[in-house]
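So this is what it looks like as structure tokens:
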């Protein structure tokens, strides 16, 4: 059986980095990850400038129940 969760990554450099950050953080507590599907990309704006890139990701992993 596989489970799917939504995670959010964030980085000031770009969306690729925000995805990488999310996957690396999730890998610290989730084993046997299979697929990461980027669902939504957005940016945080402060003082008229982009301050953070964010990626919402569906992450599937093998459920060991």
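In our numbering, the protein residues as written are 124 to 188. Note that CB positions come from ideal geometry on N, CA and C, so glycine has one too.
{"query": "What's the gap between the Cα of residue 187 and the Cα of residue 148?", "result": "20 Å"}
{"query": "Using 10 angstroms around the beta-carbon of residue 168, count the other beta-carbons present and answer buried if the total reaches 16, otherwise exposed.", "result": "exposed"}
{"query": "Leaving out the 5 sequence neighbours to the left and right, which residues in its chain are closer than 8 Å to residue 137 when beta-carbon positions are compared?", "result": "176"}
{"query": "Assuming residue 182 contacts residue 130 under a Cβ cut-off of 8 Å, what Cβ separation, rounded to an integer in Å, is found between them?", "result": "5 Å"}
{"query": "Rounded to whole angstroms, what is the Cα-Cα separation between residue 133 and residue 154?", "result": "21 Å"}
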